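In full-length UniProt numbering, the protein residues as written are 2 to 253. Presented below is the structure to which this report refers.
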Ligand code: PEP
């Protein structure tokens with residue numbers, strides 16, 4: 002994985018006011034200042050994006066949104082577009098998180114429009130894919146991953162595939178305290194990479210595949226050492242500068 006810079010991204014979900022976000026970033030910056038060869042991302046709610054971009058400027062911390070619409074503008078009450086995010090100097094955007102798919106009706110059809118739109122706007126998409134517990138038990142994990150990757154990346158041109166970050170997040174491991182075993186994480190992340198390889202072998206070698214699902218300070222090193230795991234998408238453990246900075250350290 003030497004050629005792929007690891008990325009540790011913290012998904013705050015619907016947590017933190019601007020004041021709380023400021024306190025977090027001031028605690029995080031000195032803790033990650035000496036790390037190199039790792040990219041650090043924080044994914045705050047929309048309301049804290051501007052403040053976090055300003056506070057993180059000049060550091061290794063990059064700021065990502067948690068969702069966006071596929072249209073540039075229009076009658077879509079409550080939504081935010083790619084140009085609106087790039088205007089703020091936001092670095093990227095999480096797309097297709099399982100909570101958006103489950104609670105807000107996010108579809109693969111919408112994601113097929115969102116992923117290329119993010120790239121066109123200069124945003125780095127973090128596309129989330131993963132199976133439910135029931136799908137894993139049925140033996141449908143690979144079928145689910147193949148379906149999501151094929152649909153969601155269908156309109157991404159070959160020469161941009163490597164610019165997408167793909168987060169493999171088994172739904173049964175998100176916020177549950179259950180972590181995929183290293184064998185499960187490696188197998189699924191290698192499978193995701195192989196799916197990209199069906200479109201472009203070069204992109205498969207360059208694309209970053211993250212693991213997400215109850216990553217914590219005490220299991221991060223083992224997961225991040227896996228050959229096809231290029232980083233982590235971290236929920237609960239990203240809400241405080243410590244343990245988040247310990248997880249970043251495990252990747253650097
Ligand atoms: C997530 O929501 O992307 C996630 C991985 O959450 P947690 O780390 O809390 O399981």
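Glycine included, each C-beta is placed from N, C-alpha and C at the ideal position. All figures in this text were calculated on a predicted structure; none of them were measured in a lab.
- Just measuring C-alpha positions, the residue of 139, 236 and 131 sitting nearest residue 192 is 131.
- In the structure shown, residue 175 falls within a coil segment according to DSSP collapsed to helix, strand and coil.
- Between residue 121 and the set 157, 127, 102 and 50, the nearest pair of CA atoms involves 157.
- Contact annotation, residue 233 with residue 26: C-beta distance approximately 19 Å; criterion of less than 8 Å not satisfied.
- Non-local beta-carbon contacts of residue 242 in its own chain, meaning distances under 8 Å to residues more than five positions away in sequence, involve 25, 28, 29 and 32 in chain order.
- If you ignore the 5 residues before and after residue 77, its C-beta comes within less than 7 Å of the C-beta of 70, all in its own chain and listed in chain order.
- Approximately 6 Å separates the beta-carbon atoms of residue 119 and residue 83; this is inside 8 Å, confirming the contact.
- Not one heavy atom of the ligand PEP sits closer than 7 Å to the Cβ of residue 61.
- Residue side-chain check: residue 238 places its Cβ nearer than 7 Å to a non-hydrogen atom of the ligand PEP.
- Distances from the CA of residue 213 to each of 207, 189 and 85 were compared; the closest alpha carbon is that of 189.
- Proximity of the beta carbon of residue 174 to the ligand PEP is indicated: a heavy atom of the ligand is located closer than 7 Å.
- Closest in C-alpha terms to residue 48, from the list 224, 60, 178 and 14, comes 14.
- With the rule of 3 Cβ pairs closer than 8 Å, the region 138–146 does not count as touching the region 80–98.
- If you draw a straight line from the Cα of residue 246 to the Cα of residue 74, it is about 37 Å long.
- The alpha carbon of residue 199 has as its nearest neighbour, out of 147, 185, 174 and 226, the alpha carbon of 147.
- Residue 34 and residue 63 have their C-alpha atoms some 13 Å from each other.
- Comparing alpha-carbon positions, the option among 180, 186 and 135 lying closest to residue 237 turns out to be 180.
- Close CB contacts of residue 57 within its chain, under the 8 Å cut and outside five residues either way in sequence, are with 26, 30, 43, 63 and 64 (chain order).
- With respect to the 8 Å criterion, residue 253 and residue 87 are not classified as neighbours on the basis of their beta carbons.
- The Cβ atoms of residue 41 and residue 61 lie closer than 8 Å to each other.
- In this structure, the CA atom of residue 159 is about 18 Å from the CA atom of residue 5.
- With contacts defined by Cβ atoms closer than 8 Å, residue 115 and residue 89 do not form a contacting pair.
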